[in-house]
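Read through the structure below, which is laid out as structure tokens, and then see the notes.
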Amino acid sequence: MAQHQFQTEVSQLLHLIIHSLYSNREIFLRELVSNASDALDKLKYLTVADEAYKTLSFDPRIDISFDKEAKTLTIKDNGIGMNEKDLEESLGTIARSGTKAFLEKLSADAKKDSNLIGQFGVGFYSAFMAAERIEVISRKAGEEESWKWSSEGKEGYDIEKTGPEAALPAQGTTVVLHLSEEGLEYANRWSVEDIIKRYSNHVAFPIYLTYDEKEYDDKGKEKGSKTKTDRINSGQALWRRSKSELKEEDYTEFYKSLSSQFGSDTEPPLHYVHTRAEGTLEYSTLFYIPSKAPFDMYNVDYKPGVKLYVKRVYITDDDKELMPTWLRFVKGVIDSEDLPLNVSREILQQNKILLNIKNASVKKLLSEIKAMADAAGNSEDNKKKWETFVREFNRPLKEGLYQDYANREQIQELVRFKSTAVEGWTSFADYVSRMKDDQKNIYYITGGDENTLRASPLLEAYKARDIEVLIMDDEIDDLVIPSLHSYRKESPAEDGKKENKSWELKAVNRAGADEELGEKQNKQAEKEAKPVIEKIKKALGDRVKDVKLSRRLHDSPSCIVADENDPSIQMAQMLKAMGQTGMPDVKPILEVNGEHPIVAGLKDTGDEEKIADVAGVLLDQALLVEGIKLKDPADFVKRLNRLLSAG
Ligand code: ADP
Ligand code: MG
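Residue numbers for the sequence shown follow the numbering used here, beginning at 1 and rising by one.
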């Protein structure tokens, strides 16, 4: 028997694993199964690539068994195996550069290290979290001798040639864990099955579990037990199969299994997209767009929908970095060939490979959504599909407008709005195509529900001049659209070259959005209205920021607008309701219609009480139509009644 010392780094790593990784102990099984799967892959490759192995009959499998009395858990594969030298190199040193780099990064701060290591896949040595002694018995494919490596995971390990009685009948590796007190729970059928299903369900080779099942006689008395062997992984990694061999039902089935893990949807998905990239980066992705928004879509701590696999081995389903937040409704799988299995969360976040996969995935999803939109006109079904998408996901998409600068132009084409010109949804592009040649801006109205907005007196002049206004009744519009400033679009110019056109986005409930509503204000009218304006201004005092003669009113006597750089009043109220403190009081600008009899009627009166009543009612009714709660409704009613009874 030869005794060996561990390489210094191995001792360090073992120390950390045993003392800090216990909170996530179960991952050791994932690591051992992934090693077994790698070993099977390697041998499988040889049987096709190497003449010497072509005659080998090889039925790849992984077998797990346990013995409660002997306190052992055994993981066995018939893969490539290891000889003496392999054992020394693989299980006595750390060859992987990632692990080395990780160890170098470790600071003396033990607490921080334990955090770090908890998020780090640690390979074979993690088995010492559950075992006080490990034996690895292995025979390399094509060799006669078999070897036994054993260690308690402290200073070193022993290697010996195993006698004929222990020699393996064929190539492969058997890892026997002599379970520690803490590891005993894994000598159990249900916990093994559970862990394998969670982490290794899609490993390509069959994983079998052997266990004893008690048998009972007619009277329910135990009469002995029977040994059974069940396959416990599905082995199917749908996303790794080629599209041509998959049917719609296969995708739907898989979606159901996926979404049951995410806790909800049993409806078939609205859409799916399956991609396989080969080239500099090798990976597969399978993404689903659900037909209903996930119930937690608007929770800060929503459950991310995308799972990360590395070579079919499950890594995480809890990483919000895998998709941008505005695509958080997407469910599915990313499986990379190039990422290391031992990848920590910190590493994931800065990982270039993953970043590339993510960027490509976002582009792919955007083009799929665009295709869905473009196809909406082709059939009734496609139309319904697109409408469902808009109903469920228009809002998160809008978040993308201010979160994802790089993709803003594409997202701009996908968001939809209601409008004064058409029924249903419309896009910026459609708005622009309906616009008269000389219109310079895109107009929209925000703040309130659809009915309130449609009834707003602010729209009157636009209606009269046949200018379309987008009705933005989504709370988020108030945040997103102003940050957009303008809509840009490439359009073919007359000389055949492409031309970048741009339209400013203007809120009609803001000062400054009325410049297109005709001639500069008629000087004469302004002069005539001045005394009335002054009277109203004086009566309202500091309830308003200003009082102006309006260019946008036709039938209504008054309306309110926000100053160009102020938040709208609705927005200010919303923020207050959400608990935002320290908001300055936003005061509206009151605009009045000089031709309206109520306003014109003030021209010849000096009755201060009447002026105060009319001014108050003009302001309060303008606030009311915008859906704003009055601070003093009783005062409004009192003034109104006084005016009515005065005739
Ligand atoms: P990694 O799998 O990332 O290389 P591990 O610590 O899990 O790191 O394993 C170290 C090495 O031990 C593997 O690279 C492999 O060469 C060898 N090894 C472990 N388990 C087996 C096995 N069941 N069959 C063959 N080789 C194995
Ligand atoms: Mg490994």
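All residues carry an ideal CB built from backbone N, CA and C; glycine is no exception.
The ligand MG and residue i: does any heavy atom of the ligand fall closer than 8 angstroms to the residue's C-beta?
i, result
"Gly-123", "yes"
"Glu-337", "no"
"Asp-77", "no"
"Asp-38", "yes"
"Asn-35", "yes"
Do you know offhand how far residue i's Cα is from residue j's?
i, j, result
"Glu-701", "Lys-228", "Outside the shown range of the chain (1 to 647) lies residue 701, about which nothing can therefore be said."
"His-596", "Ser-556", "7 angstroms"
"Asp-473", "Asn-24", "47 angstroms"
"Val-689", "Asn-359", "Here the chain comprises residues numbered 1 to 647, so residue 689 is not present and cannot be evaluated."
"Lys-698", "Ala-49", "What is shown of the chain runs 1 to 647, which leaves residue 698 out entirely."
"Met-571", "Asp-477", "10 angstroms"
"Leu-308", "Asp-301", "19 angstroms"
"Lys-68", "Thr-93", "31 angstroms"
"Gly-400", "Asn-407", "8 angstroms"
"Asp-265", "Lys-292", "The pLDDT assigned to Asp-265 is 48, lower than 50, so where the model puts this residue is not dependable; a value taken from the coordinates is nonetheless given after this. Whole-angstrom Cα-Cα distance: 8 angstroms."
"Asp-404", "Lys-85", "52 angstroms"
"Glu-222", "Ala-52", "52 angstroms"
"Val-508", "Glu-460", "11 angstroms"
"Ile-137", "Lys-197", "26 angstroms"
"Lys-256", "Asp-296", "18 angstroms"
"Pro-304", "Arg-328", "6 angstroms"
"Leu-32", "Ile-207", "12 angstroms"
"Arg-240", "Ala-70", "40 angstroms"
"Leu-540", "Thr-325", "46 angstroms"
"Leu-484", "Leu-624", "29 angstroms"
"Ala-421", "Leu-366", "27 angstroms"
"Lys-226", "Ile-357", "49 angstroms"
"Gln-119", "Asp-319", "For Gln-119, the pLDDT reaches just 44, beneath the cut-off of 50, and the residue's location in the model is therefore unreliable, although a value from the coordinates is still provided. About 12 angstroms."
"Leu-505", "Ile-17", "57 angstroms"
"Asn-649", "Val-480", "Here the chain covers residues 1 to 647 and nothing more, so residue 649 does not appear."
"Leu-73", "Trp-147", "19 angstroms"
"Met-129", "Gln-580", "48 angstroms"
"Gln-5", "Asp-218", "58 angstroms"
"Lys-364", "Leu-549", "51 angstroms"
"Glu-551", "Ser-558", "In the sequence under discussion, the amino acid at residue 551 is Arg, which differs from the Glu named in the question. So the two alpha carbons sit approximately 11 angstroms from each other."
"Gln-261", "Gly-332", "The predicted position of Gln-261 is uncertain, since its pLDDT is 49 and thus under 50; no value can be drawn from it."
"Ala-376", "Val-415", "14 angstroms"
"Arg-61", "Ser-361", "34 angstroms"
"Thr-210", "Asp-374", "54 angstroms"
"Glu-648", "Tyr-402", "Residue 648 is absent from the model: the chain starts at 1 and stops at 647."
"Met-435", "Asp-466", "9 angstroms"
"Ser-126", "Leu-14", "8 angstroms"
"Gln-3", "Lys-140", "21 angstroms"
"Pro-531", "Glu-591", "15 angstroms"
Does the ligand ADP have a heavy atom nearer than 8 angstroms to the CB of residue i?
i, result
"Glu-31", "yes"
"Ile-80", "yes"
"Glu-65", "Just to set this straight, residue 65 is Ser in the shown sequence, not Glu. Ser-65: no, Cβ never under 8 angstroms from the ligand ADP."
"Asp-86", "yes"
"Val-330", "no"
"Ser-138", "yes"
"Pro-340", "yes"
"Ser-90", "yes"
"Val-175", "yes"
Just checking: is the beta-carbon of residue i within a distance shorter than 9 angstroms of some beta-carbon in chain C?
i, result
"Lys-385", "The chain inventory of the structure shown lacks chain C, comprising one protein chain alone."
At what residue ranges does the stretch 583–634 contain a whole run of the alpha helix (DSSP H), taking only runs of 4 or more? 597–600, 608–625
How about the stretch 36–51 and the stretch 148–165: do they share at least three Cβ pairs that are nearer than 8 angstroms? no
Would you call the stretch 446–464 and the stretch 530–540 in contact, with 3 or more CB pairs under 8 angstroms? no
Whether or not the stretch 388–395 and the stretch 348–356 are in contact is what I'm after, with contact meaning three or more pairs of Cβ atoms, one per stretch, closer than 8 angstroms; do they touch? no
May I ask you to verify whether the stretch 273–287 touches the stretch 171–182, counting CB pairs closer than 8 angstroms and requiring at least 3? no
Is the stretch 265–274 touching the stretch 314–326, taking contact as three or more C-beta pairs under 8 angstroms? no
In chain order, which alpha helix (DSSP H) runs of at least 4 residues are fully inside the stretch 171–232? 189–200
Sequence ranges, beta strand (DSSP E) only - wholly within the stretch 398–483, length at least 3: 441–446, 469–472
Unbroken alpha helix (DSSP H) runs of length 4 or more, entirely within the stretch 506–547: which are they? 523–540
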